[in-house]
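Visitor: Going down the list, the protein sequences come from chains A and B.
Per this note's numbering, the very first residue in the first sequence carries number 104; after that it's consecutive.
Per this note's numbering, the very first residue in the second sequence carries number 104; after that it's consecutive.
Below: one structure in C-alpha cells.
2 protein chains.
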Amino acid sequence: MATLPQPTASELKILRVLWRQGPSTVRDVHQQINRNEQLSYTTVLKQLQIMTSKGLVERDTEARAHVYKPVHSELQTQREMLGDFMSRVYDGSPSRLVMQALGMSRPASADELDEIDSLVRKLRRQSGSEEQGQDDA
Amino acid sequence: MATLPQPTASELKILRVLWRQGPSTVRDVHQQINRNEQLSYTTVLKQLQIMTSKGLVERDTEARAHVYKPVHSELQTQREMLGDFMSRVYDGSPSRLVMQALGMSRPASADELDEIDSLVRKLRRQSGSEEQGQDDA
DNA sequence: AAGCTAATACGAAATGGTTCGTGGAGTGTG
DNA sequence: CACACTCCACGAACCATTTCGTATTAGCTT
Chain A
104 MATLPQPTAS
114 ELKILRVLWR
124 QGPSTVRDVH
134 QQINRNEQLS
144 YTTVLKQLQI
154 MTSKGLVERD
164 TEARAHVYKP
174 VHSELQTQRE
184 MLGDFMSRVY
194 DGSPSRLVMQ
204 ALGMSRPASA
214 DELDEIDSLV
224 RKLRRQSGSE
234 EQGQDDA
Chain B
104 MATLPQPTAS
114 ELKILRVLWR
124 QGPSTVRDVH
134 QQINRNEQLS
144 YTTVLKQLQI
154 MTSKGLVERD
164 TEARAHVYKP
174 VHSELQTQRE
184 MLGDFMSRVY
194 DGSPSRLVMQ
204 ALGMSRPASA
214 DELDEIDSLV
224 RKLRRQSGSE
234 EQGQDDA
C-alpha cells in the first residue's frame, strides 16, 4: 500500500476538527477554527478542496453544502506521521523518543503511566519469544 | 527563551551529518550525503549558508574551506521538534505518543525497555508526591 | 606571474503551501 | 418574479523551501 500523504500543518488543523466533530460542512469547520484564530471562509474551503484532491478527505455533494469527512482515522494518521517523524529525527529508534516524551513539561498522569507500564511489561515478555509476531487489537 | 527555529527536512539531514561527524566542511557534508542520495555540491553549500543566516549552524571562516558546526545539540533540537510535533499531532499529550511509539514496527530492545521502565517508576513516584493520591495498587 | 583548481557568493527557477478575492450558481422569501 | 443570502469554483498573490548554474575569489604549482 502506498504511504498516505502527510498532512501539512494547516491540513492537520482541519482534520482535527473533522475527527472531533464528525462529518462537517465548510461552515462548521470554519466556525470551529475561528474560535482560536482568524481565517477566511474561502481559505478553509480551498483547503478542503485541495485535501479532497489529495485524498485526505472525502465529500458528499448531495446537499447544497458539501459534507466533508476524513478518509483515514486519527490513529492511522498519527501512526503514519509518527513513523515519518521518528525516522527523520530519531533515526527510526523509538526508545529515545519515548524517553524524551516522558520527560516533557507536561508529564503523563498516573493512569497513563499505568498504561505505559503494562505495555512495557507485555513487550518485555514478547521480547523473549521473538518469533511470534502478534498484531495488536 | 525564544523557540529555536525548526529545521526543515533537508536542513535536518545536514544537521545529522554534523552531529555525527563533528565540525565539517561543505565537502565533507556533501560526500556523506551523497552516499545515500545525489545532491549537487552547491546545493549543500547554499543550504549551509541559509542555515548560518538562520542561526542553525555556525561557521569558522579562517581556513579556505569554511568549517560548519551545529549551534544546538541533537538533544535540544529533538526536544524542540518533539514538543512541536506532540502539540500538533497529539494535542500536547505525551502518553498516546509513547504508546504508539512503543508499538511501532521496530520495537525497543530489552535494555531500552529497562530504561523506559525505570523512568516510568521514577515519574510515578514523583506524581504520587505532588498529588496526595497515595494508592499504590 | 600565469594558470589550474577548489572554494565561496550570488541569483534565479521550480515547487509547494497558504491565504483570500471575485464571480457564478443554487435556494428560499417577500 | 426579484432580491438577498449562502455556497462552491477558480485563479492569483505571496512566501518559504529546495535545487542548481554561473560568477568570483583565493590558493597552489610551475
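The beta carbon of each residue, even a glycine, is placed where N, CA and C say it ideally should be.
Distance, Cα to Cα, Q237 (chain A) vs L226 (chain B)?
Guide: Position 134 of the first sequence, counted from the first residue, corresponds to residue 237 (chain A). Position 123 of the second sequence, counted from the first residue, corresponds to residue 226 (chain B). Low per-residue confidence applies at Q237 (chain A): pLDDT is 45, beneath 50, and the placement is therefore not dependable enough to give any value.
Visitor: Does chain B have any CB closer than 7 Å to the CB of I219 (chain A)?
Guide: The residue given as residue 219 (chain A) occupies position 116 in the first sequence. Chain B, which has a Cβ nearer than 7 Å to the Cβ of I219 (chain A), makes this yes.
Visitor: Taking CB distances under 7 Å as the criterion, tell me whether P210 (chain A) reaches chain B.
Guide: Within the first sequence, the letter at position 107 stands for residue 210 (chain A). Answer yes: the Cβ-Cβ gap between P210 (chain A) and chain B drops below 7 Å somewhere.
Visitor: Output needed in chain order: residues of the region 107 to 119 of chain A with a Cβ under 9 Å from some Cβ in chain B.
Guide: Hits within the stretch, in order: A112, L115, K116 and R119.
Visitor: Helix, strand or coil for D163 (chain A), going by three-state DSSP, please let me know.
Guide: Walking along the first sequence from the start, residue 163 (chain A) turns up at place 60. DSSP places D163 (chain A) in strand when its eight states are reduced to three.
Visitor: According to DSSP, is S113 (chain A) part of a helix, a strand, or is it coil?
Guide: Within the first sequence, numbered from 1, the residue matching residue 113 (chain A) stands at position 10. Helix.
Visitor: When we look at the beta-carbon of L200 (chain B) and count the other beta-carbons within 10 Å, is it buried (16 or more) or exposed?
Guide: Within the second sequence, numbered from 1, the residue matching residue 200 (chain B) stands at position 97. Buried, by the Cβ-count rule.
Visitor: Using a beta-carbon distance below 7 Å, is E183 (chain B) in contact with chain A?
Guide: Start at 1 with the first residue of the second sequence, and residue 183 (chain B) comes out as number 80. For E183 (chain B), the answer is no, since every Cβ of chain A falls outside 7 Å of its Cβ.
Visitor: By Cβ distance below 6 Å, which residues in the same chain neighbour E177 (chain B) in space, the five residues on each side in sequence not counted?
Guide: Counted from its first residue, the second sequence places residue 177 (chain B) at position 74. Excluding sequence neighbours, E177 (chain B) sits near W122.
Visitor: Using a Cβ-Cβ cut-off of 7 Å, state whether E177 (chain A) counts as contacting chain B.
Guide: The residue given as residue 177 (chain A) occupies position 74 in the first sequence. No, no contact with chain B.
Visitor: Following a CB-centred definition, is K225 (chain A) positioned closer than 6 Å to any heavy atom of the ligand COA?
Guide: In terms of ligand content, the structure shown is empty, and the ligand COA therefore cannot be addressed.
Visitor: Which residue from B:E183, B:G195 and B:I117 puts its Cα closest to that of N139 (chain B)?
Guide: Position 36 of the second sequence, counted from the start, is the residue given in the question as residue 139 (chain B). Per the Cα distances, B:I117.
Visitor: Specify, as a first and last residue, the run of the alpha helix (DSSP H) that P197 (chain A) falls within.
Guide: In the first sequence, the residue the question calls residue 197 (chain A) occupies position 94. Looking at the DSSP string, the run of the alpha helix (DSSP H) that includes P197 (chain A) is P197 to L205.
Visitor: Determine, using beta carbons only, whether Q135 (chain B) comes closer than 7 Å to chain A.
Guide: Position 32 of the second sequence, counted from the first residue, corresponds to residue 135 (chain B). By this cut-off, Q135 (chain B) is not an interface position.
Visitor: Quick one: which chain B residues come within Cβ less than 7 Å of E215 (chain A)?
Guide: Locating residue 215 (chain A) in the first sequence gives position 112, counting from the first residue. Within chain B, the residues near E215 (chain A) are S198.
Visitor: Using a Cβ distance threshold of 8 Å, determine whether the region 212 to 224 of chain B contacts the region 217 to 225 of chain A, with at least three qualifying pairs required.
Guide: Yes, since at least three Cβ pairs between the region 212 to 224 of chain B and the region 217 to 225 of chain A fall closer than 8 Å, the two stretches touch.
Visitor: With the cut-off set at 7 Å, would you say V170 (chain B) and P210 (chain B) are in Cβ contact?
Guide: Working through the second sequence from its first residue, we reach residue 170 (chain B) at position 67. Working through the second sequence from its first residue, we reach residue 210 (chain B) at position 107. No, Cβ-Cβ distance for V170 (chain B) and P210 (chain B) is not below 7 Å.
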